[in-house]
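When the letters of the sequence shown are read in order and numbered with the numbering used here, they come out as residues 2 to 182.
Glycine residues also receive a C-beta, built at the ideal position from the N, C-alpha and C atoms.
From a predicted model like this one, the values you see are computed outputs, not experimental measurements.
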Amino acid sequence: MFAGYTRFLCALLAAGALTLSACGGSGTANEANGASAGAGGPGGWNALDACATLGNDKASAAVGTKVTGSKLDSIVKGSDGAAEFSTCTYTLDKGASFSLLTRQSAAADSIDAAIASARTMGGNQSPAKDVPGLGKAALWSEGMKTLQVFLDHHRYASISFYNLTGSDGKAQAIAIAKALP
2 MFAGYTRFLC ALLAAGALTL SACGGSGTAN EANGASAGAG GPGGWNALDA
52 CATLGNDKAS AAVGTKVTGS KLDSIVKGSD GAAEFSTCTY TLDKGASFSL
102 LTRQSAAADS IDAAIASART MGGNQSPAKD VPGLGKAALW SEGMKTLQVF
152 LDHHRYASIS FYNLTGSDGK AQAIAIAKAL P
């Protein structure tokens, strides 16, 4: 459980670093892809409700097992141009779970700096591996069992697995990322 809590804290720290990087970004909410913060993002994206953004049915299909529950754990509303995000924990059959953090900034992020920082969780982890074909960039951290996806200059998702057996979670995390709006 402690390892899972550590991964959750690292994901929140990464989101915090991304929030701070948004302060240095330039542009408006409609720049790059027309995204706006919070609800009403493209195709059902809602940074303030990660549970609603993915949903139990899509989560079950992506991970290949039944989702027995989901809980919105944290919500951070953006203000003064800061990004906003939420985290949903999905409980799976056989005691495994994963968390989905959805984040959106009103201004276009300094994406290159954010990706560089996320690659090592701000220098706290071994470098994550690139995962091609997902958004602007995607990074898999084997030790953390976490996939970070920079969908565009405004939207970011982090998917972390806990207590998985028989899999490292990478394939499931990629399937979840592909299921996001």
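Cβ neighbour criterion (16 or more within 10 Å) applied to residue i
i: glycine 170; result: buried
i: glutamate 85; result: buried
i: threonine 88; result: buried
i: alanine 51; result: buried
i: threonine 166; result: exposed
i: glycine 79; result: buried
i: glycine 109; result: The question names glycine, but residue 109 in the sequence shown is alanine. By the neighbour-count rule (16 or more Cβ atoms within 10 Å), alanine 109 is buried.
i: glycine 35; result: Below a pLDDT of 50, predicted positions are generally treated as unreliable, and glycine 35, at 35, falls in that range; the measurement from the model is reported next regardless. With fewer than 16 other Cβ atoms within 10 Å, it is exposed.
i: alanine 115; result: buried
i: lysine 130; result: exposed
Anticipated Cβ contact below 8 Å, residue i with residue j, distance rounded
i: arginine 104; j: alanine 48; result: 6 Å
i: isoleucine 112; j: phenylalanine 162; result: The pair is not a contact, with the Cβ atoms about 25 Å apart (cut-off 8 Å).
i: serine 127; j: glycine 144; result: 6 Å
i: alanine 53; j: glutamine 173; result: Wrong, their Cβ atoms sit about 20 Å apart, outside the cutoff.
Terminal residues of the alpha helix (DSSP H) in which residue i lies
i: serine 118; result: 112-120
i: glutamine 173; result: 171-180
i: threonine 54; result: 51-55
Proximity below 8 Å, CB of residue i to CB of residue j
i: leucine 55; j: isoleucine 177; result: yes
i: threonine 66; j: leucine 101; result: no
i: leucine 140; j: alanine 119; result: yes
i: glycine 82; j: asparagine 164; result: no
i: serine 106; j: threonine 90; result: no
Delimiting residues of the beta strand (DSSP E) encompassing residue i
i: threonine 69; result: 68-77
i: alanine 139; result: 138-142
i: glutamine 126; result: Element bounds for glutamine 126: n/a, residue is neither H nor E.
i: leucine 102; result: 98-105
i: leucine 93; result: 85-93
i: serine 161; result: 156-163
i: valine 150; result: 147-151
Any non-hydrogen atom of the ligand HEM closer than 7 Å to residue i Cβ
i: threonine 121; result: Although the ligand HEM was asked about, the structure shown includes no ligands whatsoever.
Mind the definition here: the region 122-136 touches the region 146-159 only if three or more C-beta pairs lie below 8 Å; say whether that holds. yes
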